[in-house]
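Sequence positions in the sequence shown follow our numbering and run 805 to 1478. Here a beta-carbon is modelled for each residue, glycine too, at the ideal position from N, C-alpha and C. Fair warning: this is a prediction, and the values are worked out from it, not measured in the lab. Working notes, structure below.
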Amino acid sequence: MASQITGFGPYLDGSYDASLQVQLNAYERTTAHLSARRAASDAMRTPEDVRARQEALRAYADGVLDASSADRPAPTAIVTGTVERPTFVLTKLVLETGPTQRVTANLYLPRDTTERTGAVLFLCGHADAGKAAARYQAFCARLASNGLVVMAIDSIGQGERKSYLDAAGREEVPANVVEHSHAGVQCWWTGDTIARYFVDDARRAIDYLCTRPEVDPARIGVAGNSGGSTQATWLMLIEPRIAAAALGCFITSRQSYQRSGGAQDAEQILPGGALIGIDHEDFLIAMAPRPVLVMSANSDFFPVEGAHETVERARRAYEILGKPESLGHVRADHPHGLMPELAKAGAEFLVRHLGNEPTAAIDSSEPVPIPEAELLCTASGRLRVDYPDTPHVFELNQQRLLTLRTARSSSPAQWLTDQVHRQRRTPSELFPRWSPAENHRLGDVEVRSHRAMWWSEIDVLNAGVLVEPADRPTAALEIACFATGSAELADRTDWLTERVAGGVAVLALDVRGTGALTPHEINPFPLDENYGTLYKLMTDLIWLGDSLAAARVFDILRAVELIAQHRAKDLGDCPIRLFGAGPGAFLGYLAAAIEPRIQRIELESPPLDPTTVVDTRMHGPQSNWQHVIPGMAVHCGLEDLLPLFNGRDLHIPQPAGADLAPTRRPNDLEVYSD
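Have a look at this one:
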């Protein structure tokens, strides 16, 4: 008789490979939406069909990306210095884009221009130096040397716009990639994408360019590389003033990139975008018939085959509108990056479409980079240091939360129920499979265990280990939501012994992506850290208007169904309880709130509070993004759910350092008690 109870062996004891199920669920659902949208695109025949798609894209983008306030005055600029070059003058600016809001920018003005000319807004990829990165400088300088006005702005978290600094001006959150996701998680909790703030910066830069006497407002283009091209594509969905676009090292297809296993930053994720089938071809369709050049690197991690397919598919819209020549695609044999070959092609394209002399010979000489220090627009090189009253995404998102909360309409319980249940595809039965009983002794208690698996959705198995007292009556059945699922049983022997000695049967539950259902790793990052497999799959679900956390709460509700059925067979009419630890505390709290059959809820630690995440500048730990249910901080705070526990026992430990004394709520509701 074994003395230790463990979880499953590999592949659910050799009976099923569940390591791909979360991935396949997200991929297949995404493919279904993309395929439906492609079929609709293939059916476009007339200019009216193209315009209808453009209007639908703009309507979606207006809701997701538009962070602007109507009728704002044009931005003003503080000039902090100039840099003289033979073919252009670079002016260093601090754009004042709103009340106390500021963006650092370099404005390249071509020499010897006596009439208005076209302009280009350059948006930076993930370079620490932002606008001062050598390749980005070279691109801007090449355009200015050929007669175009160019404005390069520092994107959020790059160049002089690092947001998370200590008192000495040192970075507390690593720049750009990590910062974008650190702040982006907080935006997801409010139901937003951080991309709205990138887009607003870009639109305000266009507003400023329109005021410059050197610029023809009808000839303003946009260019970017990598993450800068991401920003440019969002701008293309929403901004009708863009006359041309050059996009480096980003355009592919959603399916091609999704299946590569690569993760993306928070600003590259559009919540619910897959539901209307948004694909990369739509960025190009949104621009038709305005000129667009896609610039691809053949050895990029953004698959070039996806770019080729996307351009060819989008070309139909240009053909329908009578401008097939306005969509171009150039490729170069190098890895990811705005290398000279692509940069020259992009410059020639923009000069041809925006310049005063489109047929003139292009100066393609390679510009000499300007030292980064000479391009700084602030004395310290840190906007946050020189202008401490400037709000960054953290502060803007906090204000956004307050604004959205005043307008919420649905009840918190109904909102949460909808988030958990919508898009789920349940089978006609759970179809549980129970292993033969195994006998154990825990201390002086004889127990039996069963391993089980059942279908939560038609393509998602759940699993668990049921441990029952064999030598005494069962008084209750408890769902245990451990941090690592049933794999944690071996470390929970004392806890388990105490439970079964008290007559409590325990189901150690594996919700999707945990325990015996841990996913197969699909990229080189650690499984549950930023940009790892679970992060990537979670963002795939956000694209679908879903979330990993909501799906896991659904899994807990399905376990209640399983228990109800099993109880009727073997356990009599004993009450259902829930225990939550680590992430399971948050998931369990939400599940119990909307499942009244759970009569007692005990959490080992306080559940994550979305409002606290939004209000905490240095939130963490990193893996808390797994809990995100977009919009929850607006629509359903933890405190909003407390009335749902009336008449039931809820036990939550007091948070460390909290001043709130343990209290007992009415109707045996116990909150913050040890």
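Which whole-angstrom value is the C-beta distance of residue i and residue j, which I expect to be below 8 Å?
| i | j | result |
| --- | --- | --- |
| G1424 | L1158 | That pair is no contact at about 45 Å. |
| L1394 | V1357 | 5 Å |
| I1174 | E1152 | Not a contact, Cβ separation roughly 23 Å. |
| T891 | P877 | In fact, because the Cβ distance is near 33 Å, the residues do not count as touching under 8 Å. |
| P1139 | A1101 | 6 Å |
| E1272 | A1309 | 4 Å |
| A956 | C928 | 7 Å |
| I1433 | A1354 | 5 Å |
| L1205 | R1000 | That pair is no contact at about 14 Å. |
| A979 | K966 | 5 Å |
| L1051 | V1098 | 5 Å |
To the nearest angstrom, how far is the alpha carbon of residue i from that of residue j?
| i | j | result |
| --- | --- | --- |
| F1105 | H1455 | 48 Å |
| R1303 | E1261 | 30 Å |
| Y1476 | D821 | Because the pLDDT at Y1476 is just 28, under 50, the model does not fix this residue reliably, and the value given afterwards should be weighed accordingly. Rounded to the nearest angstrom, the two C-alpha atoms are 40 Å apart. |
| Q1169 | A844 | In the sequence on display, residue 1169 carries Ser and not Gln. So the alpha carbons of these two residues sit roughly 45 Å apart. |
| D846 | T1182 | 50 Å |
| A840 | V1251 | 52 Å |
| E975 | T1230 | 47 Å |
| A1241 | D1263 | 27 Å |
| L816 | I1283 | 19 Å |
| V1367 | P1379 | Note on identity: in this sequence residue 1367 is Ile, with Val being the wrong assignment. Rounded to the nearest angstrom, the two C-alpha atoms are 10 Å apart. |
| N829 | V1224 | 16 Å |
| A1070 | W1038 | 13 Å |
| L1142 | I1326 | 27 Å |
| G1435 | L1391 | 16 Å |
| V953 | R1226 | 49 Å |
| A1291 | G1319 | 5 Å |
| G1384 | I1398 | 15 Å |
| A933 | V1315 | 42 Å |
| A1460 | S1427 | No answer about A1460 holds up, because its pLDDT of 44 lies below 50 and its placement is not dependable. |
| R1468 | C1440 | With a pLDDT of only 29 at R1468, under the threshold of 50, the placement of this residue in the model should not be trusted, and no figure is reported. |
| G1081 | G1349 | 12 Å |
Around the Cβ of residue i, are there at least 16 other Cβ atoms within 10 angstroms (buried) or fewer (exposed)?
| i | result |
| --- | --- |
| G988 | buried |
| F1449 | buried |
| W1238 | exposed |
| M1091 | buried |
| L824 | exposed |
| S1483 | An answer regarding residue 1483 cannot be provided, because it is not within the stretch 805 to 1478 covered by the chain. |
| I1024 | buried |
| S985 | buried |
| D1478 | Unreliable placement is indicated for D1478, whose pLDDT of 31 sits below 50; the coordinate value is still reported in the next sentence. D1478 comes out exposed. |
| A1465 | Reliability of the predicted coordinates at A1465 is poor, the pLDDT of 29 falling under 50, and the value obtained from them is presented with this limitation in mind. Counting Cβ neighbours within 10 Å, A1465 comes out exposed, since fewer than 16 surround it. |
| M1422 | exposed |
| G1031 | buried |
| F1235 | exposed |
| I1073 | buried |
Figure out for me which residue from the options has the closest Cα to the Cα of residue i.
| i | options | result |
| --- | --- | --- |
| G1065 | Q827, I1380 and E1365 | Q827 |
| E832 | E1199, D1344 and R1186 | D1344 |
| Q1035 | A1049, K1127, A1022 and E1170 | A1049 |
| R862 | L1041, R855, F1286 and Q962 | L1041 |
| G811 | P1192, A1312 and P1400 | A1312 |
| P1387 | L1407, C1378 and Q1227 | L1407 |
| T1415 | I1398, E1443 and A1320 | E1443 |
| R889 | Q905, T880, C944 and D853 | C944 |
| P1447 | R1016, L1074, A1217 and A865 | A1217 |
| L969 | S819, C1440, F1198 and D1359 | F1198 |
| P1107 | R1058, E1176, L897 and A1147 | R1058 |
| G813 | L1293, D1275 and T1114 | L1293 |
| V1172 | I1089, L1300 and A936 | A936 |
| I960 | S1427, H1196, S949 and A1211 | H1196 |
| A1078 | Q1430, I1346 and P1410 | I1346 |
| A1067 | H1439, L1338 and A860 | L1338 |
| A1211 | A881, V854 and A1437 | A1437 |
| P1277 | D1298, P1128 and V1249 | V1249 |
| L1220 | G1451, R849, Y940 and L1445 | L1445 |
CB of residue i to nearest heavy atom of the ligand SAM: below 6 Å?
| i | result |
| --- | --- |
| Q962 | This structure lacks the ligand SAM; in fact it carries no ligand of any kind. |
Can you confirm whether residue i, when its beta carbon is compared against all beta carbons of chain E, has any partner nearer than 7 Å?
| i | result |
| --- | --- |
| L1205 | The displayed structure is made up of one protein chain only, and chain E is not part of it. |
What are the uninterrupted segments assigned as beta strand (DSSP E) that are 3 or more residues long and contained completely in the stretch 1239–1293, given in chain order? 1242–1246, 1249–1261, 1264–1273 and 1280–1285
Enumerated in chain order, which unbroken segments of the beta strand (DSSP E) with a length of 3 residues or greater are wholly contained in the stretch 816–898? 880–888
Can you list the beta strand (DSSP E) stretches of 3 or more residues lying completely in the stretch 1306–1376, in chain order? 1308–1314
Output the residue ranges of the beta strand (DSSP E) runs that lie fully inside the stretch 947–1001 and measure 3 residues or longer, sorted by chain position. 953–957
List, from N- to C-terminal side, the alpha helix (DSSP H) runs of 4 residues or more that fit wholly inside the stretch 1129–1171. 1144–1158
Which whole runs of the beta strand (DSSP E) in the stretch 1082–1134 are 3 residues long or more, in chain order? 1096–1103
Length at least 3, wholly inside the stretch 1032–1090: the beta strand (DSSP E) runs in chain order: 1046–1052
Can you list the beta strand (DSSP E) stretches of 3 or more residues lying completely in the stretch 1376–1421, in chain order? Fully enclosed beta strand (DSSP E) runs of 3 or longer: 1380–1384 and 1402–1407.
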